[in-house]
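Line order of the protein sequences matches chains A and B. Residue -17 is where the first sequence starts when you use my numbering, and the numbers rise one by one after that. Residue -17 is where the second sequence starts when you use my numbering, and the numbers rise one by one after that. Backbone N, C-alpha and C define an ideal beta-carbon position, used for all residues, glycine too. From a predicted model like this one, the values you see are computed outputs, not experimental measurements.
2 protein chains.
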Amino acid sequence: MSRETGRQPKYQRIAAELRAAVDAGRYGPGDRLPGENDLMAEHGVARMTARQALGLLQTEGIAEARKGAGVFVRDFRPIRRRGIERLARAQWGEGRSVWSADIGNRELAVDSVEVAQEPAPAAVAGVMGLDENADLCVRRRRFVLDGKPVLLSTSYLPADLVADTPITQPDTGPGGVYARLADLGHAPARFREEVRSRMPGPDEGERLALPSGVPVVQIARTAFDAEGRVVEVNEMVLDSAAYVLEYDFEA
Amino acid sequence: MSRETGRQPKYQRIAAELRAAVDAGRYGPGDRLPGENDLMAEHGVARMTARQALGLLQTEGIAEARKGAGVFVRDFRPIRRRGIERLARAQWGEGRSVWSADIGNRELAVDSVEVAQEPAPAAVAGVMGLDENADLCVRRRRFVLDGKPVLLSTSYLPADLVADTPITQPDTGPGGVYARLADLGHAPARFREEVRSRMPGPDEGERLALPSGVPVVQIARTAFDAEGRVVEVNEMVLDSAAYVLEYDFEA
């Protein structure tokens, strides 16, 4: 829905034309876009201009370069992540994972889990009302979809609350961490999600296999039990090109 | 909360150190960070390494370069935008603007308003169940905070619904568009917000005065009345470094 103006530099106009062709489905996911030589011939521009046009589509997350093969429409349909329905008690109370509703028939899988006991980072200790350096159970997971890493999740829980439960194990059992918190009498009753966007740190870019120039979405989710105790803080880092976050709510 | 490893390249370690110093408040908003010469002397590195470290902080939105003057901590506290409380009927029913809760004592101001009647873009027509090219009232606004543009908002409303009301005027009166929709018997009863992040298009980067390498957050908000009719689609583009989006909800 952006407006194009006549004052745009040439490379931006070429990029806008390619973008419109992708939006209209003339180039689908995985399709190769016209190369530099094609664009030079078609638009009568210098190689640098053609390269800038293709570069712009890459920083917008629409296309990605494959070494030696050209520039391709990113072969990725975004995941619709419903913040509110997704976490409804009906869902995780039934032994389904928090993520199952997001992806239709595609399988979002955890390809690495690390569980550790560690001192609380200052920000988490603050939210939980704990002393800095109080012990936390920390669960670090990476989620992949169609073989592509899309989400890094770091979940922090009070160590004393979850001691000797499956939460301290890689496999937490049906329904996951929230079902186990419910078993303990601390079912989440309220959530807060704080959402930001920024460029990835180098470690995040590598672990999410992000093309250069693609930002991440960062979600800090805080889970409160019925008494208002913070029972989990989950810091998530998402490939921005892989996700649409949806929040539905009453006025 | 990111982990730093010993395997990091030198420029990343220097950037991590500067980032930690900003987080700890040793450099506050608007403060000048050490320059390339300072970092070269302090860490015994080449100019390129010092430059890469400072460049990384810029792409993360933590710092910005000012021509000839150095690299400075971005002078901007993020706006906390509450998706759910913010839109509560209690608020806009009382003649307060949707945005007033976000910013404490700082003034978020509209510095440009354009109202036009235009044919519906395909995506908006689809959501509204209208024919493509059906007429819409389109309100384009830019919001600035502390003199810095932070938000571009494009609001689409069915032209027949809002004809001859203040919604077609730049100034919609107390309570804004939602209060006027309520006057018409079409008060918003339910909202959907869809959130994405991406790099800005060139036009957006210019209108938001974004430093290079800073992504935008894109929110598409759909407002439904009590009968389920879509009464507004609002597409917002936010400076990602200026906003934290907050959503609070029951489990």
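Report task. Give me whichever residues DSSP pairs with B/Met218 in a beta bridge. Result -> Paired residue(s): B/Ser135, B/Ile201.
For a contact defined as C-beta to C-beta under 7 angstroms, what are the partners of B/Arg170 on chain A?
According to the sequence as given, residue 170 of chain B is Pro; it is not Arg. Neighbours of B/Pro170 on chain A, chain order: Ala233.
Could you give the uninterrupted runs of the alpha helix (DSSP H) lying entirely in the segment 14 to 50 of chain B, keeping only those of 4 residues or more?
Whole alpha helix (DSSP H) segments, 4+ residues: 18 to 25, 29 to 41.
Any chain A beta carbon closer than 8 angstroms to B/Val159:
Cβ-Cβ to chain A under 8 angstroms: no for B/Val159.
Exercise. Please list the partners that A/Leu112 has in chain B, where partner means a Cβ-to-Cβ separation under 7 angstroms.
Key: Neighbours of A/Leu112 on chain B: none; closest Cβ ~15 angstroms, over 7 angstroms.
Q. In terms of DSSP beta bridges, what is A/Pro170 paired with?
A. Residue pairing by DSSP puts A/Pro170 in a beta bridge opposite A/Asp207.
Q. In chain order, which alpha helix (DSSP H) runs of at least 4 residues are fully inside the segment 96 to 148 of chain A?
A. Counting only runs of 4 or more, we get 104 to 110, 141 to 144.
ask   = Which same chain residues, not among the five before or five after A/Arg124, have their C-beta less than 6 angstroms away from its C-beta?
value = Taken in chain order, the residues that qualify are Asp93, Ser94, Pro131, Leu134.
Q. Going along chain A in order, which residues have a C-beta closer than 7 angstroms to the C-beta of B/Ser179?
A. For a Cβ distance threshold of 7 angstroms, residue set Ser179, Pro197, Val199, Ser222 of chain A lies close to B/Ser179, ordered along the chain.
* **C-beta neighbour in chain B for A/Leu143, strict 8 angstroms** => No, no contact with chain B.
Have a look at the DSSP bridge pairing and note the partners of A/Tyr225. Its beta-bridge partners are A/Ile61.
Span separating the alpha-carbon of B/Glu175 from that of B/Leu139: The alpha-carbon atoms of B/Glu175 and B/Leu139 are separated by roughly 16 angstroms.
CB-CB under 6 angstroms to A/Arg121, same chain, minus the five flanking residues each way: which ones, in chain order? Around A/Arg121: Val97, Ser137.
Do A/Met22 and A/Ala32 have their C-beta atoms closer together than 8 angstroms?
-> Taking the C-beta atoms as reference points, A/Ala32 is found nearer than 8 angstroms to A/Met22.
Item to complete: Given a cut-off of 8 angstroms, decide if A/Ala205 and A/Glu217 are closer than it, judged by their beta-carbon atoms.
Response: With contacts defined by Cβ atoms closer than 8 angstroms, A/Glu217 and A/Ala205 do not form a contacting pair.
field: Option in A/Ala(-3), A/Pro184, A/Pro60, A/Arg189 with minimal Cα separation from B/Leu38
entry: Closest by alpha carbon: A/Pro184.
Kindly identify the DSSP beta-bridge partner or partners of A/Val212.
Among the bridge pairs identified by DSSP, A/Val212 is matched with A/Phe206.
Check: Counting Cβ pairs, one atom from each stretch, are 3 or more of them under 8 angstroms apart for the segment 39 to 55 of chain B and the segment 188 to 195 of chain B?
Finding: Counting Cβ pairs under 8 angstroms, three or more are found: they touch.
task: Would you tell me roughly how many angstroms separate the C-alpha atoms of B/Val219 and A/Pro152, rounded to the nearest one?
output: Straight-line spacing of the CA atoms in B/Val219 and A/Pro152 works out to 39 angstroms.
Item to check | Terminal residues of the beta strand (DSSP E) in which A/Ala52 lies | outcome: Per the sequence presented here, residue 52 of chain A reads as Gly, with Ala not at that position. Bounds of the beta strand (DSSP E) holding A/Gly52 are 52 to 55.
Checklist line | Nearest residue (CA-CA) to A/Ile(-4), options A/Leu15, A/Gly7, A/Gly10 | finding: Across the set A/Leu15, A/Gly7, A/Gly10, the C-alpha of A/Leu15 shows the shortest separation from the C-alpha of A/Ile(-4).
Alpha carbon of B/Ala28 to alpha carbon of B/Lys(-8), nearest angstrom:
One C-alpha to the other measures close to 10 angstroms.
Checklist line | Beta-carbon proximity check, A/Phe173 vs B/Ala116, cutoff 8 angstroms | finding: The answer is no: Cβ separation not under 8 angstroms.
Item to complete: Give a yes or no on whether the minimum CB-CB distance between A/Phe173 and chain B is below 8 angstroms.
Response: Chain B, which has a Cβ nearer than 8 angstroms to the Cβ of A/Phe173, makes this yes.
Checklist entry - Residues in its own chain within less than 6 angstroms of A/His168 by CB, not counting five upstream and five downstream? => result Counting only Cβ-Cβ distances below 6 angstroms, and skipping sequence neighbours, we find Asp207, Val213.
Evaluate B/Trp74 with the Cβ neighbour count: other Cβ atoms within 10 Å of its Cβ, from every protein chain shown; 16 or more gives buried, anything less gives exposed. A caution first: B/Trp74 carries a pLDDT of 46, below 50, which makes its placement in the model unreliable, though a value can still be read off. It is buried - the Cβ of B/Trp74 has at least 16 other Cβ atoms within 10 Å.
Checklist entry - Counting only beta-carbon atoms, is B/Leu139 nearer than 8 angstroms to chain A? => result So, not an interface residue.
* Excluding sequence positions up to five away, which residues of its chain have a Cβ less than 6 angstroms from the Cβ of B/Ala202? -> Glu176, Glu217.
Starting from the Cα of B/Thr41, find the closest Cα among A/Arg1, A/Gln(-6), A/Arg180 and give me that residue.
Cα-wise, what sits closest to B/Thr41 is A/Arg180.
Quiz item: Just by C-beta distance, which residues in the segment 18 to 48 of chain A are closer than 7 angstroms to chain B?
Solution: When CB distances to chain B are screened at a threshold of 7 angstroms, the residues of the segment 18 to 48 of chain A falling below it are Thr41, Glu42, Gly43, in chain order.
Fill in: Three-state secondary structure assigned by DSSP to A/Leu266
Since the first and last residues shown for chain A are -17 and 233, residue 266 of chain A lies out of range.
Q. Any idea what DSSP makes of B/Asp165, helix, strand or coil?
A. Residue state, collapsed to three classes: helix.
**Report entry** Spatial distance of A/Asp20 from A/Pro103 (CA atoms)
**Finding:** Cα to Cα, A/Asp20 sits roughly 52 angstroms from A/Pro103.
### Query
Listed from N- to C-terminal order along the chain, which residues in the segment -8 to 21 of chain A have their beta-carbon within a distance smaller than 7 angstroms of any beta-carbon of chain B?
If you check each beta-carbon in the segment -8 to 21 of chain A against every beta-carbon of chain B, the ones closer than 7 angstroms belong to Gln(-6).
Q) Could you give the residue range of the alpha helix (DSSP H) that holds B/Leu1? A) The sequence given here places Arg at residue 1 of chain B; Leu does not occur at that position. Following the DSSP letters along the chain, one finds B/Arg1 inside the alpha helix (DSSP H) bounded by residues -8 to 5.
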